[in-house]
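The working numbering applies: residue 23 is where the sequence shown begins, and numbers increase by one. In this text, a Cβ means the ideal position worked out from N, Cα and C, and glycines have one as well.
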Amino acid sequence: MKRITTYLLLLLMLTFSGVLAVAQDIKFTAAASHYDVATGDRFKIEFRVNANIDNFKPPKISDFRVLSGPNQSTSMSWVNGKTSANISYSYILMAVNEGSFTIPAAEVTIEGEKYQSNTIEINVSKGANVQNNPNSNNTTITKGSGDLFIKSSVNKTTVYQGEHLVATYQLYTKVNIAANEMVKNADLNGFWSQEINIGQAQWTQEKINNEIWNVATIRKIVLFPQRSGELEIDPLEMRFITQKRVSGGQSIFDQFFGKVIEEEHIVKSKSIKIKVLPHPTPKPDDFVNAVGQLKMTTEVSANEVKANEAINIKINISGNGNLPLIDNPKINFPKEFEIYDPKITDNTKTSNTGVSGSKEYNYLVIPRYQGNFTIEPITFSYFNPSTKKYETLKSKPIVLKINKGDGSGNNITYTAAGKEDIKILGEDIRYLHTDTPQFVLNTNNLYNSWKFYGLLLLAPLLFVIAFIVRNKNRAAMSDIAKVKSRKAGKLAAKLLSSAKKSLAANDKNAFYEATSKALFGYISDKLNIAVADLTQENIKSSLSNKNVDENIINSLIETIDLCDMARFAPVPVSEQEVYDKAENIIQQIEKAIA
Numbered sequence: 023m024k025r026i027t028t029y030l031l032l033l034l035m036l037t038f039s040g041v042l043a044v045a046q047d048i049k050f051t052a053a054a055s056h057y058d059v060a061t062g063d064r065f066k067i068e069f070r071v072n073a074n075i076d077n078f079k080p081p082k083i084s085d086f087r088v089l090s091g092p093n094q095s096t097s098m099s100w101v102n103g104k105t106s107a108n109i110s111y112s113y114i115l116m117a118v119n120e121g122s123f124t125i126p127a128a129e130v131t132i133e134g135e136k137y138q139s140n141t142i143e144i145n146v147s148k149g150a151n152v153q154n155n156p157n158s159n160n161t162t163i164t165k166g167s168g169d170l171f172i173k174s175s176v177n178k179t180t181v182y183q184g185e186h187l188v189a190t191y192q193l194y195t196k197v198n199i200a201a202n203e204m205v206k207n208a209d210l211n212g213f214w215s216q217e218i219n220i221g222q223a224q225w226t227q228e229k230i231n232n233e234i235w236n237v238a239t240i241r242k243i244v245l246f247p248q249r250s251g252e253l254e255i256d257p258l259e260m261r262f263i264t265q266k267r268v269s270g271g272q273s274i275f276d277q278f279f280g281k282v283i284e285e286e287h288i289v290k291s292k293s294i295k296i297k298v299l300p301h302p303t304p305k306p307d308d309f310v311n312a313v314g315q316l317k318m319t320t321e322v323s324a325n326e327v328k329a330n331e332a333i334n335i336k337i338n339i340s341g342n343g344n345l346p347l348i349d350n351p352k353i354n355f356p357k358e359f360e361i362y363d364p365k366i367t368d369n370t371k372t373s374n375t376g377v378s379g380s381k382e383y384n385y386l387v388i389p390r391y392q393g394n395f396t397i398e399p400i401t402f403s404y405f406n407p408s409t410k411k412y413e414t415l416k417s418k419p420i421v422l423k424i425n426k427g428d429g430s431g432n433n434i435t436y437t438a439a440g441k442e443d444i445k446i447l448g449e450d451i452r453y454l455h456t457d458t459p460q461f462v463l464n465t466n467n468l469y470n471s472w473k474f475y476g477l478l479l480l481a482p483l484l485f486v487i488a489f490i491v492r493n494k495n496r497a498a499m500s501d502i503a504k505v506k507s508r509k510a511g512k513l514a515a516k517l518l519s520s521a522k523k524s525l526a527a528n529d530k531n532a533f534y535e536a537t538s539k540a541l542f543g544y545i546s547d548k549l550n551i552a553v554a555d556l557t558q559e560n561i562k563s564s565l566s567n568k569n570v571d572e573n574i575i576n577s578l579i580e581t582i583d584l585c586d587m588a589r590f591a592p593v594p595v596s597e598q599e600v601y602d603k604a605e606n607i608i609q610q611i612e613k614a615i616a
């Protein structure tokens, strides 16, 4: 009885410690791009959590003007076959008043538990005086009327969880627009979102109540609802300065040229409610949250190899759907195989029809024993909103013949005894010889010769050398952090080449996004810090510890800020300057951290 009680207590302790470990793994942090700013300065704050969340409760920001936000972004990572999410909510703020201000904590709900971020302290000093407009005598600023509005619409209001919908925002105006800025982006809680590149605004005309309006699409987003129930897309809010020229005035110039009246408009779109239906039950065992119209192909690099030789097994999921969000396909590999985490390649594009393209899973498999093996047919079930049914894709079985490896002591055959085994057994049995053998003295004896002792000494020496080389190779391959750090520069160069293509195509949003990813990815690999844990503070401290020059560090932070802000507001430098700066920063850090 005492032994049973002890086991129960140990089991409870292990369970409780496991729960604590899971809880401690969740990180919810808040950080700012700058903590000391001047009035009129723009800066970014970001809230990051390294887990899938049920709800995000934003902080109440009353001391700063919100130019944009919350802007949600999600990145997925796969570790040991498990999917984890890194979610961030960012705001672009403008400092308005002098003083020290505290941005309150945000709150997220994860599996029913509430977590709070840290608060952020911002010090605001007096900014430079703004020069008065020399033509201010001819300009009057008033509050706006109904000369413009933003129309929000979606292509469908009832969808299944994971099914895409497209939200479109159109600007209607009857007056000239002199300036604009984002006050508050649409809150997309409960949705995974992807911007559609609409390029330069194309103006058309539309007649409403016998009035002609100029119309332009200013934003399009593909949305994937992540939970069922009623979700709401909050209003998008923008500020516009419009200009009207009116006749009149006291001076002769006013009477002849007219007077310019500037009006300020704060314009909100309407909120939109979306009904999200849950996936039907029961769900197939091989359902990995895929929704859409999909196809699957499989490819194996070789069906016959030697033991300990690598095989590549590729699974390609293609079509239209929530491709960036699907989990790894479930594969039953033989237990005699060593399996590595798949390399995942995302070849998708976003358009009015949703997200289309392909997602490839490349598994590196090493069979350790000889024999004949069969990988069962790979099945992949997805939900098709058009048919409202689960559909299952199935590959052919993969048959592999593994031959004996060269010089491997682990080559054990698992097949049953057959004719070949009997043949070998027959060769091992010999009849007894009854005649008397004749022995001849061999004078050429290797034993006691210098060759014998030389080989005797050489064998352990070769063994020691082989042991040292093997351990070095294993250490080099096992230390993933060092490998990633060494290859960080090359990987960043590839990502920057993607940014260069976007620059050539004049796709500003894609350019700044690719440049930001290149810089964050480079620093993550170089410093061995997960992207989800990267903040400006630990970037600065980590690079300083590596003796990187302070000017290089500051230049890196400024470039990251530029990439973030350029997606929401104009920046004072060209895209080519940003690209050259990013490339130069990576080269300088590579030289500093050998």
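Helix, strand or coil at residue i according to DSSP, with G and I counted as helix
i: Q224; result: coil
i: D76; result: coil
i: N600; result: It should be noted that the sequence gives Val, not Asn, for residue 600. Note: V600 maps to helix in three-state DSSP.
i: P306; result: coil
i: S403; result: strand
i: F279; result: Confidence is the limiting factor: at F279 the pLDDT is only 47, short of 50, which leaves the residue's position unreliable and the question unanswerable from this model.
i: D529; result: coil
i: Q609; result: helix
i: K165; result: In this predicted model, K165 has a pLDDT of only 42, less than 50, meaning its place in the structure is not dependable; the value taken from the coordinates is given anyway. Of the three classes helix, strand and coil, the one that applies to K165 here is strand, per DSSP.
i: T537; result: helix
i: R87; result: strand
i: T557; result: coil
i: I615; result: coil
i: S519; result: helix
i: M35; result: Legend: pLDDT at M35 = 48, less than 50; position of this residue unreliable, value from coordinates given subsequently. If DSSP states are grouped into helix, strand and coil, M35 belongs with the helices.
i: P92; result: strand
i: V491; result: helix
i: N573; result: helix
i: I545; result: helix
i: N160; result: With a pLDDT of only 38 at N160, under the threshold of 50, the placement of this residue in the model should not be trusted, and no figure is reported.
i: V486; result: helix
i: S120; result: The residue you asked about is not Ser; residue 120 is Glu in the sequence shown. In this structure, E120 counts as coil in the three-state DSSP scheme.
i: N394; result: strand
i: S417; result: coil
i: T264; result: strand
i: I551; result: coil
i: T375; result: coil
i: N567; result: helix
i: K206; result: strand
i: S293; result: coil
Exposed unless 16 or more other CB atoms sit within 10 angstroms - verdict on residue i
i: G62; result: exposed
i: D586; result: buried
i: R70; result: buried
i: I607; result: buried
i: I333; result: buried
i: E286; result: exposed
i: T414; result: exposed
i: Q224; result: exposed
i: Q598; result: exposed
i: Q392; result: buried
i: R492; result: exposed
i: I114; result: buried
i: V152; result: Bear in mind that the predicted position of V152 carries a pLDDT of just 38, short of 50, making it too unreliable to give a figure here.
i: P304; result: exposed
i: V570; result: buried
i: D547; result: buried
i: I487; result: exposed
Distance between beta carbons of residue j and residue i, contact taken as under 8 Å
i: A540; j: A604; result: 7 Å
i: A189; j: I243; result: 5 Å
i: Q315; j: N342; result: 5 Å
i: T557; j: A53; result: 4 Å
i: E68; j: S110; result: 5 Å
Below-8 Å beta-carbon distance, residue i vs any chain B residue
i: Q216; result: No chain B is part of this structure, which consists of one protein chain only.
Do the stretch 298-314 and the stretch 245-263 touch if we need at least three Cβ pairs shorter than 8 Å?
Verdict: yes, contact present.
Would you list, in sequence order, the uninterrupted beta strand (DSSP E) runs of no fewer than 3 residues that lie entirely inside the stretch 303-370?
The stretch 303-370 contains these whole beta strand (DSSP E) runs: 309-322, 326-328, 333-343 and 359-361.
Does the stretch 201-220 come close enough to the stretch 252-264 that 3 or more CB-CB pairs lie under 8 Å?
yes
Just checking, does the stretch 399-409 make contact with the stretch 307-320 on the three C-beta pairs under 8 Å criterion?
yes
Count the C-beta pairs between the stretch 379-387 and the stretch 323-342 that are closer than 8 Å, then say yes if the count reaches three, no if not.
The stretch 379-387 is in contact with the stretch 323-342.
Count the C-beta pairs between the stretch 194-202 and the stretch 170-179 that are closer than 8 Å, then say yes if the count reaches three, no if not.
Touching, yes, given that three or more Cβ pairs across the two stretches are closer than 8 Å.
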